[in-house]
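The letter at position 247 of the sequence shown is residue 238 when you use the numbering used here, and the numbering goes up by one with no holes.
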Amino acid sequence: MNNNINSKKNIAFLNCLVLVIFISPLLNILNTSLIKIINLTNTSIITSILYLVVLIICMYHVVKYRNLTIKRLLVYFMFLIFFFLHYIFFETSRQYLVSVDMLIIYLFYIPISIFLISGITDWKDFKKIAPKYGKLTVIISTLGITVVGIQEHISYMAFSYSILPFLAILYYSFRENKSIIDLVFFAIGLIGMVFFGARGPILFLLLFICLYEMITFNYSKGSSRLLKLTIFLLFGFVFFLINNWITSFLSNSTIANDSRFLSKIMEGELTNSNARTQIYIEARSAIENMGVSINGLFWDRYVVNASYVHNVFYELLLSFGLIFGAVFIILLLLLIAKTTLLKRDKSLRILSILFVVSFFLRFIISGSFIIEGNFYLFIALLLNIKSQKEVTKI
-8 MNNNINSKKN IAFLNCLVLV IFISPLLNIL NTSLIKIINL TNTSIITSIL
42 YLVVLIICMY HVVKYRNLTI KRLLVYFMFL IFFFLHYIFF ETSRQYLVSV
92 DMLIIYLFYI PISIFLISGI TDWKDFKKIA PKYGKLTVII STLGITVVGI
142 QEHISYMAFS YSILPFLAIL YYSFRENKSI IDLVFFAIGL IGMVFFGARG
192 PILFLLLFIC LYEMITFNYS KGSSRLLKLT IFLLFGFVFF LINNWITSFL
242 SNSTIANDSR FLSKIMEGEL TNSNARTQIY IEARSAIENM GVSINGLFWD
292 RYVVNASYVH NVFYELLLSF GLIFGAVFII LLLLLIAKTT LLKRDKSLRI
342 LSILFVVSFF LRFIISGSFI IEGNFYLFIA LLLNIKSQKE VTKI
């Protein structure tokens, strides 16, 4: 494939990838808006149509640029066989394996991960393409909150996790492209997340910013960096001085009551979760008593008093047993380490960190990896970056 065709292929695949990521905030806000405005009771048709349209667009480009190879088809069928065998041998998994969530995984996220993401050979255009969707995400989320009032019907956790990738992208674009417009949209989106969002996404976003600045810190530009550090410290000092006023203001307003993040700050429980602590106690007890048995996917649903265990590591151990579960955990951590710590290309390391923060960290404190498409995208993205030669300039 010549350079011109390969460049067009990468642009097409990157556009499709960001469109796939954009599905989550779009569906959350669109469906909730329709529920709010016209009292729509069933959004499954809209959801199905949107997934189908995006899948057709993506697979069109996959076929057009000949990325639908026999090897990739075999990998896809191996995944399907794995789930089929699970259905046969683990009776406790069956009701979950035929759920709507898993059908979306089989028919949408796994094909996208195998056929589309594997075909990306250069990430240099990512910072040009992704911010456009980031701005659109901020626009529709802001309108949804301020005009439609979706906060009355949407989960604060689903909302904030769906826009997290795009806020990270906007900050990344602001720093890489020196775009003030991206900074403005980032600030607007961050305000929306703070006043109507979960704790985890906000803390993860701050973590990405800190890691980005640490990686890109240039000691050769000491005076410029020192000035920025001084400004940052002064800002922190001013915030410390007015902290009591801010606390008093929030305690006497309804803003904190509407924000999970602010309410937890006011209660002094920003990093505490009694419900999650109890779930982890139950999970550890089950792991200690399971021996070397393998109970299959979704076993955590039967041993904790919750919808799922809210931790990817516990979920892997409960699903695949102590031996195979530990192997999967080690492989997962090695993949993360190789792309975020050991990759020599600084640009690719930053991109890996962006994906870890946006798509993986939530599974340590929430969610269930097996039923959420972002986990499959995350694994495919890191595998792609791991395979990239150390020449990509983003």
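Where a beta carbon is used, it is the ideal one built from N, C-alpha and C, also for glycine.
In this text the structure is predicted, and so the values were computed from the model without any measurement.
Span separating the alpha-carbon of residue i from that of residue j
{"i": "G180", "j": "T133", "result": "7 angstroms"}
{"i": "E143", "j": "G191", "result": "20 angstroms"}
{"i": "I270", "j": "L127", "result": "37 angstroms"}
{"i": "I103", "j": "K115", "result": "20 angstroms"}
{"i": "S35", "j": "N(-7)", "result": "42 angstroms"}
{"i": "I105", "j": "A371", "result": "7 angstroms"}
{"i": "L9", "j": "R63", "result": "The sequence as given places Val at residue 9; Leu does not occur at that position. Approximately 21 angstroms between the Cα atoms of the pair."}
{"i": "G140", "j": "I28", "result": "9 angstroms"}
{"i": "E167", "j": "M93", "result": "37 angstroms"}
{"i": "F315", "j": "F289", "result": "15 angstroms"}
{"i": "G107", "j": "D336", "result": "The sequence given here places Leu at residue 107; Gly does not occur at that position. One C-alpha to the other measures close to 23 angstroms."}
{"i": "I37", "j": "V283", "result": "44 angstroms"}
{"i": "Y293", "j": "T112", "result": "42 angstroms"}
{"i": "P122", "j": "I72", "result": "38 angstroms"}
{"i": "Y51", "j": "V45", "result": "10 angstroms"}
{"i": "H301", "j": "N(-5)", "result": "45 angstroms"}
{"i": "A247", "j": "I160", "result": "Reliability of the predicted coordinates at A247 is poor, the pLDDT of 49 falling under 50, and the value obtained from them is presented with this limitation in mind. Taking the straight line from one Cα to the other gives about 27 angstroms."}
{"i": "L41", "j": "N280", "result": "44 angstroms"}
{"i": "E82", "j": "L17", "result": "35 angstroms"}
{"i": "L407", "j": "V138", "result": "An answer regarding residue 407 cannot be provided, because it is not within the stretch -8 to 385 covered by the chain."}
{"i": "L352", "j": "C201", "result": "15 angstroms"}
{"i": "S90", "j": "L76", "result": "16 angstroms"}
{"i": "S298", "j": "G358", "result": "9 angstroms"}
{"i": "E119", "j": "N6", "result": "Checking the sequence, you will find Lys at residue 119 rather than Glu. Each residue's Cα considered, the two are about 10 angstroms apart."}
{"i": "D291", "j": "I362", "result": "13 angstroms"}
{"i": "I272", "j": "N296", "result": "11 angstroms"}
{"i": "A178", "j": "L196", "result": "12 angstroms"}
{"i": "G312", "j": "Y78", "result": "17 angstroms"}
{"i": "Y163", "j": "I193", "result": "15 angstroms"}
Assigned secondary structure, residue i (DSSP; H/G/I helix, E/B strand, else coil)
{"i": "N365", "result": "helix"}
{"i": "I171", "result": "helix"}
{"i": "S(-2)", "result": "helix"}
{"i": "M281", "result": "coil"}
{"i": "Y299", "result": "coil"}
{"i": "G135", "result": "helix"}
{"i": "V400", "result": "With the chain represented from -8 up to 385, any question about residue 400 goes unanswered, as that position is not in the structure."}
{"i": "T389", "result": "This structure does not reach residue 389, given that the chain is present from -8 up to 385, and the question cannot be answered."}
{"i": "Y56", "result": "coil"}
{"i": "Q379", "result": "coil"}
{"i": "D291", "result": "helix"}
{"i": "L352", "result": "coil"}
{"i": "S35", "result": "helix"}
{"i": "A189", "result": "coil"}
{"i": "I79", "result": "helix"}
{"i": "T112", "result": "coil"}
{"i": "N19", "result": "helix"}
{"i": "S357", "result": "coil"}
{"i": "F208", "result": "coil"}
{"i": "S164", "result": "helix"}
{"i": "G180", "result": "helix"}
{"i": "N140", "result": "Correcting the residue type first, residue 140 is Gly in the shown sequence and not Asn. DSSP places G140 in coil when its eight states are reduced to three."}
{"i": "N286", "result": "coil"}
{"i": "R335", "result": "coil"}
{"i": "S84", "result": "helix"}
{"i": "I145", "result": "coil"}
{"i": "N30", "result": "coil"}
{"i": "N6", "result": "helix"}
Beta-carbon proximity list for residue i, same chain, < 6 angstroms, skipping 5 on both sides
{"i": "K334", "result": "R340"}
{"i": "Y305", "result": "A274"}
{"i": "M148", "result": "A189"}
{"i": "F386", "result": "Here the chain comprises residues numbered -8 to 385, so residue 386 is not present and cannot be evaluated."}
{"i": "N375", "result": "I108 and I111"}
Cβ-Cβ separation, residue j to residue i (assumed contact under 8 angstroms), whole Å
{"i": "F150", "j": "G188", "result": "7 angstroms"}
{"i": "F13", "j": "Y124", "result": "5 angstroms"}
{"i": "V53", "j": "G110", "result": "7 angstroms"}
{"i": "G135", "j": "T32", "result": "Contact doesn't hold; Cβ gap of about 19 angstroms is too wide."}
{"i": "S146", "j": "S15", "result": "Between S15 and S146 the Cβ distance is about 12 angstroms, and since that is not below 8 angstroms, they are no contact."}
{"i": "A3", "j": "Y67", "result": "Their Cβ separation, rounded to whole angstroms, is 20 angstroms, which puts A3 and Y67 out of contact at 8 angstroms."}
{"i": "L395", "j": "K377", "result": "The question about residue 395 has no answer, for the chain in this structure spans -8 to 385."}
{"i": "I355", "j": "V303", "result": "6 angstroms"}
{"i": "F186", "j": "D173", "result": "Not quite, the Cβ-Cβ distance comes to about 21 angstroms (not below 8 angstroms), so this is no contact."}
Beta-carbon contacts of residue i that lie in its chain and below 8 angstroms, excluding the five residues immediately before and after
{"i": "I233", "result": "The pLDDT assigned to I233 is 45, lower than 50, so where the model puts this residue is not dependable; a value taken from the coordinates is nonetheless given after this. Answer for I233: no residue qualifies."}
{"i": "N(-3)", "result": "T112 and D113"}
{"i": "L25", "result": "L31, T34 and I37"}
Cβ shell of residue i (< 7 angstroms), same chain only, five flanking positions each side left out
{"i": "F346", "result": "F369, L372 and L373"}
{"i": "A277", "result": "V294 and L309"}
{"i": "T331", "result": "R340, S343, I344 and V347"}
{"i": "Y100", "result": "G364, Y367 and L368"}
Closer than 9 angstroms to chain E by CB, residue i
{"i": "F346", "result": "In the displayed structure, chain E is absent; only one protein chain is listed."}
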